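Below is one structure, written out as structure tokens; the observations come after it.
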Amino acid sequence: MRKKIIAGNWKMNKSVEETVELASAIKGDLGDCTEVDVVICPPFTALKAASDVISDSQIMLGAQNMSSEDEGAYTGEISHGMLKELFVRYVILGHSERRQYYKENDYWINRKVLKALEKNLRPILCVGETLEQREAGETEKVVEVQVREGLKGVEANACSEVVVAYEPVWAIGTGKTASAQQAQDVHAFIRGIVRDAFGPEAAGALRIQYGGSMKPANAAELLAQPDIDGGLIGGAALVADSFVEIVEAAMPRD
Ligand code: PGA
1 MRKKIIAGNW KMNKSVEETV ELASAIKGDL GDCTEVDVVI CPPFTALKAA
51 SDVISDSQIM LGAQNMSSED EGAYTGEISH GMLKELFVRY VILGHSERRQ
101 YYKENDYWIN RKVLKALEKN LRPILCVGET LEQREAGETE KVVEVQVREG
151 LKGVEANACS EVVVAYEPVW AIGTGKTASA QQAQDVHAFI RGIVRDAFGP
201 EAAGALRIQY GGSMKPANAA ELLAQPDIDG GLIGGAALVA DSFVEIVEAA
251 MPRD
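Anchor point for the sequence shown: position 191 equals 191 in my numbering, and the numbering is continuous, going up by one each time.
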């Protein structure tokens, strides 16, 4: 059984003060949660504040990007060492906003994935098609290239440390969610690619999150799908109550 993982991608939102407020509220409700991996990803400037708030809880810290390099003359970049100093455990890589606005490509995203794994940070590799690509029937082709290129050179036994986030670009911040079946189909497809590339054990251990307008109203149905192992939450992660409700929807039922 794969443990579900719910991560809040705060994007370019929240000051230090607001971060302390939101992280404290989330900790108040989920500080002891061990049934689901709960991750918050504030902006770089608020990582330290968030880290201090959640240090005595089960909540884990994630960053929204990371340099592929160790240190040196890379103006504006943040290294793995800087993140680890703040107890960051996860790092979102290749988010569609970075692919789209900052022209990040599979080659560089793959270098970051490999660097993160080498340094014991868990990558959350984001993949997903645009509306145009979906309408042209290219979803599988696009997602396959992003998954294969993004995970190139990863050791099969490291797949349990990797999270892939399937985020159809047309569903991000638009209020349009992929239906549970549409999402499940792509998640199963992604797991199949990983099986083909790394073997059944790796495919069984890899966690695949859905992202794109996930909210309390649709979380339970999405998270009930066999290949959906969690969520990467944008807008709904900025409000403690809705983030907490999504985590509750991910709790194992028996
Ligand atoms: P959204 O964003 O939940 O606001 O659609 C998800 C994401 O981009 O990670």
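The beta-carbon is built from N, C-alpha and C at its ideal position, and this holds for glycine as well.
In this text, all values refer to a predicted model and were calculated from it rather than measured experimentally.
Counterpart residues of residue i in DSSP-defined beta bridges
{"i": "residue 122", "result": "90"}
{"i": "residue 164", "result": "125, 208"}
{"i": "residue 60", "result": "39"}
{"i": "residue 6", "result": "38, 231"}
Burial state of residue i (16 or more Cβ within 10 Å)
{"i": "residue 219", "result": "buried"}
{"i": "residue 179", "result": "exposed"}
{"i": "residue 166", "result": "buried"}
{"i": "residue 123", "result": "buried"}
{"i": "residue 213", "result": "buried"}
{"i": "residue 101", "result": "exposed"}
{"i": "residue 241", "result": "exposed"}
{"i": "residue 235", "result": "buried"}
{"i": "residue 76", "result": "exposed"}
{"i": "residue 103", "result": "exposed"}
{"i": "residue 15", "result": "exposed"}
{"i": "residue 62", "result": "buried"}
{"i": "residue 56", "result": "exposed"}
{"i": "residue 157", "result": "exposed"}
{"i": "residue 207", "result": "buried"}
{"i": "residue 1", "result": "exposed"}
beta-carbon residue i near the ligand PGA non-hydrogen atom, thresh 7 Å
{"i": "residue 18", "result": "no"}
{"i": "residue 47", "result": "no"}
{"i": "residue 179", "result": "no"}
{"i": "residue 13", "result": "no"}
{"i": "residue 213", "result": "yes"}
{"i": "residue 259", "result": "Because the chain is modelled from 1 through 254, residue 259 falls outside the range shown and cannot be assessed."}
{"i": "residue 236", "result": "yes"}
{"i": "residue 93", "result": "no"}
{"i": "residue 183", "result": "no"}
{"i": "residue 104", "result": "no"}
{"i": "residue 202", "result": "no"}
{"i": "residue 5", "result": "no"}
{"i": "residue 128", "result": "no"}
{"i": "residue 86", "result": "no"}
{"i": "residue 232", "result": "yes"}
{"i": "residue 171", "result": "yes"}
Span of the beta strand (DSSP E) around residue i
{"i": "residue 256", "result": "The shown model of the chain, from 1 to 254, leaves out residue 256, and the question about it has no answer."}
{"i": "residue 220", "result": "Per DSSP, residue 220 belongs to no beta strand (DSSP E); it is in the alpha helix (DSSP H), 216-223."}
{"i": "residue 232", "result": "230-233"}
Beta-carbon separation (whole angstroms), residue i vs residue j, contact threshold 8 Å
{"i": "residue 119", "j": "residue 84", "result": "7 Å"}
{"i": "residue 117", "j": "residue 150", "result": "Going by Cβ atoms, the distance from residue 117 to residue 150 rounds to 12 Å, so no, they are not a contact pair."}
{"i": "residue 216", "j": "residue 35", "result": "Going by Cβ atoms, the distance from residue 216 to residue 35 rounds to 18 Å, so no, they are not a contact pair."}
Delimiting residues of the alpha helix (DSSP H) encompassing residue i
{"i": "residue 249", "result": "240-249"}
{"i": "residue 80", "result": "80-85"}
{"i": "residue 19", "result": "16-30"}
{"i": "residue 150", "result": "139-150"}
{"i": "residue 101", "result": "96-101"}
{"i": "residue 48", "result": "47-54"}
{"i": "residue 135", "result": "131-135"}
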